[in-house]
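Chains as they are written, first to last, in our numbering: chain A, 16 to 424; chain B, 583 to 828.
Think of the CB as a built atom: it goes at the ideal place given N, C-alpha and C, for glycine as much as any other residue.
Working notes for the structure below.
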Amino acid sequence: MTKSAMKLAWRNLWRHTQRTLMMIAIVAFGSLVILVLWGFTDGFTASVTQTQTRYNQSDFQIRAAGYAEDPIPANGLTPSQIEEANALLEGVRISAVAPRLETNGLLRSSYGSDGILVRGIDPTDEQRVTKLHNAITQGRFLSGDGEIVLSTRVAESLDIRLGERVVVMAQGGEGTSSMAFRAVGFFSLDIDALDRIAPITLADARALTGWNGLSSVAVKVPPGTSIDRLVASLQETVSAGDAGSLEVADFFTLNPMARIMLQGGTLKLIPLVLMIAAMAGFGVANTTFYSVLERTREFGVMTAVGMTKKMLARVILVESLFVASIGFVIGGTLGYGCLMYLSRYGVDFSRFMQGFGSDLGLPNILYATTSGWYWVIAFSVVVATALAATWYPVRRTNQLEPVSAIREG
Amino acid sequence: MKRLKSIIIGCGLLGLSLSVWAQGATLNAAEILERVNEKWQGDSYHGVLSIEITLAGQSKFHKLEAWTLGEEYALIRILEPEIDLNSGYLELGGELWYYSPAVGSIKLPSLALSDALFGSGPSLSDLSHTTLSDDYETSADVTESGFFLILVPHEDAPVVYGKLELTVSEMFVIQELIYYDQRGELLQTATFSDVILIQDRELASTVTIVDVYGDTTTLRYETAEFDLDLDPSFFDLATFESWGTE
Numbered sequence: 016m017t018k019s020a021m022k023l024a025w026r027n028l029w030r031h032t033q034r035t036l037m038m039i040a041i042v043a044f045g046s047l048v049i050l051v052l053w054g055f056t057d058g059f060t061a062s063v064t065q066t067q068t069r070y071n072q073s074d075f076q077i078r079a080a081g082y083a084e085d086p087i088p089a090n091g092l093t094p095s096q097i098e099e100a101n102a103l104l105e106g107v108r109i110s111a112v113a114p115r116l117e118t119n120g121l122l123r124s125s126y127g128s129d130g131i132l133v134r135g136i137d138p139t140d141e142q143r144v145t146k147l148h149n150a151i152t153q154g155r156f157l158s159g160d161g162e163i164v165l166s167t168r169v170a171e172s173l174d175i176r177l178g179e180r181v182v183v184m185a186q187g188g189e190g191t192s193s194m195a196f197r198a199v200g201f202f203s204l205d206i207d208a209l210d211r212i213a214p215i216t217l218a219d220a221r222a223l224t225g226w227n228g229l230s231s232v233a234v235k236v237p238p239g240t241s242i243d244r245l246v247a248s249l250q251e252t253v254s255a256g257d258a259g260s261l262e263v264a265d266f267f268t269l270n271p272m273a274r275i276m277l278q279g280g281t282l283k284l285i286p287l288v289l290m291i292a293a294m295a296g297f298g299v300a301n302t303t304f305y306s307v308l309e310r311t312r313e314f315g316v317m318t319a320v321g322m323t324k325k326m327l328a329r330v331i332l333v334e335s336l337f338v339a340s341i342g343f344v345i346g347g348t349l350g351y352g353c354l355m356y357l358s359r360y361g362v363d364f365s366r367f368m369q370g371f372g373s374d375l376g377l378p379n380i381l382y383a384t385t386s387g388w389y390w391v392i393a394f395s396v397v398v399a400t401a402l403a404a405t406w407y408p409v410r411r412t413n414q415l416e417p418v419s420a421i422r423e424g
Numbered sequence: 583m584k585r586l587k588s589i590i591i592g593c594g595l596l597g598l599s600l601s602v603w604a605q606g607a608t609l610n611a612a613e614i615l616e617r618v619n620e621k622w623q624g625d626s627y628h629g630v631l632s633i634e635i636t637l638a639g640q641s642k643f644h645k646l647e648a649w650t651l652g653e654e655y656a657l658i659r660i661l662e663p664e665i666d667l668n669s670g671y672l673e674l675g676g677e678l679w680y681y682s683p684a685v686g687s688i689k690l691p692s693l694a695l696s697d698a699l700f701g702s703g704p705s706l707s708d709l710s711h712t713t714l715s716d717d718y719e720t721s722a723d724v725t726e727s728g729f730f731l732i733l734v735p736h737e738d739a740p741v742v743y744g745k746l747e748l749t750v751s752e753m754f755v756i757q758e759l760i761y762y763d764q765r766g767e768l769l770q771t772a773t774f775s776d777v778i779l780i781q782d783r784e785l786a787s788t789v790t791i792v793d794v795y796g797d798t799t800t801l802r803y804e805t806a807e808f809d810l811d812l813d814p815s816f817f818d819l820a821t822f823e824s825w826g827t828e
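Now the structure itself:
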């Protein structure tokens with residue numbers, strides 16, 4: 016019975032090639048858009064968070080409570096708070112910890128000056144929590160006092176070459192202080208906001224700022240660890256009063272703007288996906304409905320010669336299922352191909368990002384992500400929509416009276 | 583007679599040269615710089631200056647009244663352009679304040695001291711004491727008209743230049759200051775001219791700075807008084823408020 020329904024449905028479909036191709040195209044387009052949209056939104060979130068955590072922030076940070084309100088060294092971690100932070104991390108499953116002391120400063124070369132974020136680090140520890148050293152395109156990473164690493168963009172804008180002396184000015188404990196550094200390496204990242212980072216040694220940062228503490232402790236966790244759960248548990252310990260003057264800051268705490276833009280990004284997409292699905296569904300429903308109307312006489316004859324209404328409804332349903340499946344295979348393949356391309360080469364938004372993206376810490380090149388789940392989601396949405404869209408035409412077929420149908424047709 | 587006159591002049595010139603040579607022989611570069619600094623800065627100063635800046639063919643003109651006391655205190659009152667009249671800057675130790683009659687006083691980050699003055703080539707600190715500080719390895723040669731000094735920054739000195747060349751008259755007035763980058767390429771030339779005598783102090787009343795791009799900054803001392811009895815309490819935010827009411 017089902018086999019006959021499938022055979023009939025298949026034949027019916029190709030009796031009206033143009034109409035069938037149109038329905039397939041609608042479903043294919045819907046599938047493609049859903050897949051690309053989903054993969055690109057996930058990719059956008061991943062591009063931003065991964066670049067920031069990999070090259071800038073690490074997985075999470077411990078800093079003094081209230082530091083974010085006025086991020087100057089004097090509001091950072093005092094030596095006793097550093098001990099508290101170390102105690103807080105004792106026994107916790109982490110892979111590396113790196114101390115940091117940051118301050119805003121002015122970088123001067125013979126050709127001008129520019130604002131930078133001076134980051135005092137321990138070069139060895141820092142390489143365990145971030146991979147900025149892997150982004151060096153000229154020279155080498157920081158190894159000792161008196162050295163500075165700059166972004167290629169800053170170096171180019173101030174015409175600084177490797178080995179040249181630059182002067183960093185910053186607000187110290189007693190007014191402005193200046194120190195000379197040798198530029199030993201230049202790094203390139205695709206987030207403009209990170210171009211301002213200028214690593215120097217922790218000892219130099221302490222001499223420059225006159226602050227003996229730290230701004231933060233950057234923490235890296237082993238792969239597979241749930242950062243959200245770990246941060247929540249540490250924050251709970253902090254709130255319980257064991258280390259009340261500390262704050263455990265995850266990615267979104269460190270990037271408040273990103274929180275607004277990215278948090279729940281994929282969930283926010285659901286209404287949009289439903290709209291696209293509805294659009295594809297109406298397309299299928301519309302075409303199916305007209306195909307049913309066109310074939311009223313034919314259906315009348317079929318029921319008159321003994322075909323049950325149930326069988327007729329099944330044929331129409333199978334027709335929709337065929338259209339949805341073929342459309343999905345075409346659209347899904349094209350969409351997944353697009354995602355694979357976008358995950359490898361990305362889309363260059365550098366001209367657009369110069370306008371506003373750099374302030375939000377967005378990368379210039381955004382990549383899509385690929386996942387088998389996108390197929391499942393897109394297929395479920397498309398098939399469910401196609402079947403739901405067939406409900407009305409099927410209902411109409413069920414109400415057909417053979418004699419009047421033959422007469423009407 | 584004519585021959586005798588020539589001999590007298592010749593002896594005079596020789597005597598002057600020998601005197602300069604003797605001074606040069608006894609003074610090292612650091613001492614020459616110290617003498618230059620005394621002429622250039624003094625303990626205290628009050629005067630009216632004009633600054634004309636030409637950037638990419640566009641000119642801007644500013645007229646200022648300035649007071650300084652040592653290296654700690656400085657007060658600048660803007661006289662022109664009209665729109666900025668009675669605005670000013672106050673430097674108190676490491677702190678810098680900006681005043682506008684419409685807005686009031688705003689504390690600026692002291693890093694602003696390193697910003698280009700009114701968008702000119704050199705910074706405020708370039709124009710004051712930074713370039714003549716102790717951050718350089720110095721060498722001096724005696725020339726026919728004075729001294730020629732070469733200043734090379736110490737390895738760890740917070741100086742962005744590669745080398746400075748300083749021409750100083752025998753009266754310890756700077757004539758020319760040439761800035762080079764760390765690749766030995768010319769950055770900018772400051773020419774000091776129109777020497778005037780104020781309170782027994784020779785002062786180059788015009789300083790013209792030309793950078794490699796052809797942009798120029800011309801600073802003129804229209805009036806100048808040195809070694810005044812200025813009270814540190816004069817360098818106060820309240821002084822800003824009194825402008826325009828006197």
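- Item | DSSP bridge partner residues for residue 214 of chain A (one or two, in chain order) | Answer is A:134.
- Excluding sequence positions up to five away, which residues of its chain have a Cβ less than 7 Å from the Cβ of residue 110 of chain A? So the qualifying residues of the chain are 235, 236, 237.
- Message: Tell me the rounded alpha-carbon separation between residue 808 of chain B and residue 755 of chain B.
- Response: Each residue's alpha carbon lies about 15 Å from the other.
- Task: Quick one: using the 10 Å Cβ neighbour count with 16 as the cut-off for buried, is residue 211 of chain A buried or exposed?
- Result: Counting C-beta atoms within 10 angstroms of its own C-beta, residue 211 of chain A has 16 or more neighbours from the protein chains shown and is therefore classed as buried.
- 8 Å Cβ cutoff, residue 638 of chain B in contact with chain A: No, no contact with chain A.
- Item | Neighbour list for residue 181 of chain A in chain B, Cβ cutoff strictly below 7 Å | Neighbours of residue 181 of chain A on chain B, chain order: 742.
- Query: What is the DSSP secondary structure of residue 610 of chain B, reduced to helix, strand or coil?
  - Reply: Three-state DSSP puts residue 610 of chain B in coil, outside helix and strand.
- Message: Report the CB separation of residue 197 of chain A from residue 162 of chain A in whole angstroms; it is logged as a contact under 8 Å.
- Response: A Cβ-Cβ separation of about 6 Å places residue 197 of chain A in contact with residue 162 of chain A under the 8 Å criterion.
- Query: Can a CB atom of chain A be found closer than 8 Å to the CB of residue 763 of chain B?
  - Reply: Yes, residue 763 of chain B counts as interfacial toward chain A.
- At least three beta-carbon pairs within less than 8 Å, the stretch 344-360 of chain A to the stretch 312-321 of chain A: Between the stretch 344-360 of chain A and the stretch 312-321 of chain A, the count of Cβ pairs shorter than 8 Å is below three; the stretches do not touch.
- What residue range is occupied by the uninterrupted beta strand (DSSP E) comprising residue 233 of chain A? Start and end: 231-235.
- At which residues does the beta strand (DSSP E) containing residue 114 of chain A begin and terminate? Note, residue 114 of chain A: beta strand (DSSP E), 111-124.
- Is residue 229 of chain A closer than 8 Å to residue 114 of chain A when the C-beta atoms are compared? Cβ distance < 8 Å, so residue 114 of chain A and residue 229 of chain A count as in contact.
- Query: For residue 820 of chain B, which of helix, strand or coil comes out of DSSP?
  - Reply: In the three-state reduction of the DSSP assignment, residue 820 of chain B falls in the helix class.
- Message: Could you tell me the alpha carbon to alpha carbon distance between residue 288 of chain A and residue 31 of chain A, rounded to whole angstroms?
- Response: Rounded to whole angstroms, the gap between the alpha carbons of residue 288 of chain A and residue 31 of chain A is 30 Å.
- Message: Let me see if you follow: with CB-CB separation under 8 Å, is residue 739 of chain B close to chain A or not?
- Response: At least one beta carbon of chain A lies nearer than 8 Å to the beta carbon of residue 739 of chain B.
- Return the first residue and the last residue of the beta strand (DSSP E) that residue 184 of chain A is part of. In the DSSP assignment, residue 184 of chain A falls within the unbroken beta strand (DSSP E) covering 180-187.
- Message: Does residue 146 of chain A come out as helix, strand or coil in the three-state DSSP assignment?
- Response: It is coil, neither helix nor strand.
- Report the rounded CA-to-CA distance for residue 178 of chain A versus residue 195 of chain A, giving the unit in angstroms. If I take the Cα positions, the gap works out to 12 Å.
- Item | Beta-carbon gap between residue 20 of chain A and residue 410 of chain A smaller than 8 Å | Cβ distance not < 8 Å, so residue 20 of chain A and residue 410 of chain A don't count as in contact.
- Task: Indicate whether residue 680 of chain B and residue 690 of chain B have their beta-carbon atoms separated by less than 8 Å.
- Result: Taking a C-beta distance under 8 Å as the contact criterion, residue 680 of chain B and residue 690 of chain B qualify as a contact pair.
- If you measure beta-carbon to beta-carbon, which residues of the stretch 653-684 of chain B are closer than 8 Å to chain A? Result list: 675, 676, 677.
- Task: For residue 315 of chain A, verify whether its CB is less than 7 Å away from any heavy atom of the ligand GTP.
- Result: Among the components modelled here there is no ligand, and therefore nothing to report on the ligand GTP.
- Message: Could you tell me which whole beta strand (DSSP E) segments of length 3 or greater appear in the stretch 617-665 of chain B?
- Response: List check, beta strand (DSSP E) in window: 626-637, 640-651, 655-662.
- Task: Pull up the DSSP beta-bridge partners for residue 793 of chain B, would you.
- Result: B:770, per the DSSP bridge assignment.
- Task: Can you give me, in chain order, the residues of the stretch 765-792 of chain B that have a beta carbon less than 7 Å from any beta carbon in chain A?
- Result: Taking 7 Å as the Cβ-Cβ cut-off against chain A, the residues of the stretch 765-792 of chain B that qualify are 769.
- Whole angstroms is fine: what's the gap from residue 794 of chain B's alpha carbon to residue 748 of chain B's? So the alpha carbons of these two residues sit roughly 18 Å apart.
- At a cut of 8 Å, does the stretch 791-806 of chain B reach the stretch 630-645 of chain B through at least three beta carbon pairs? Yes, the stretch 791-806 of chain B touches the stretch 630-645 of chain B.
- Task: Could you tell me whether the Cβ atoms of residue 138 of chain A and residue 116 of chain A are closer together than 8 Å?
- Result: No, these two residues do not count as a Cβ contact at 8 Å.
- Query: Does residue 167 of chain A have its Cβ less than 8 Å from a Cβ in chain B?
  - Reply: Chain B, which has no Cβ nearer than 8 Å to the Cβ of residue 167 of chain A, makes this no.
- Task: Compute the Euclidean distance between the alpha carbons of residue 181 of chain A and residue 149 of chain A, then round it to the nearest angstrom.
- Result: CA-to-CA, the gap between residue 181 of chain A and residue 149 of chain A works out to about 23 Å.
- Query: Closer than 7 Å, Cβ to any Cβ of chain B: which residues of the stretch 97-125 of chain A, in chain order?
  - Reply: Using a CB distance below 7 Å, the part of the stretch 97-125 of chain A facing chain B consists of 121, 123, 124, 125, ordered along the chain.
- Can residue 405 of chain A and residue 332 of chain A be called in contact, C-beta distance under 8 Å? Going by C-beta atoms, residue 405 of chain A is nearer than 8 Å to residue 332 of chain A.
- Message: By the DSSP assignment, the alpha helix (DSSP H) with residue 33 of chain A in it spans what residues?
- Response: For residue 33 of chain A, the uninterrupted alpha helix (DSSP H) run begins and ends at 32-67, by DSSP.
- Item | Span of the alpha helix (DSSP H), counted from its first residue to its last, around residue 96 of chain A | Here the alpha helix (DSSP H) through residue 96 of chain A covers 94-104.
- Item | Cut-off 6 Å between Cβ atoms - residues of its own chain near residue 853 of chain B, not counting five sequence neighbours on either side | Residue 853 of chain B lies beyond the stretch modelled for chain B, which goes from 583 to 828, so this question has no answer here.
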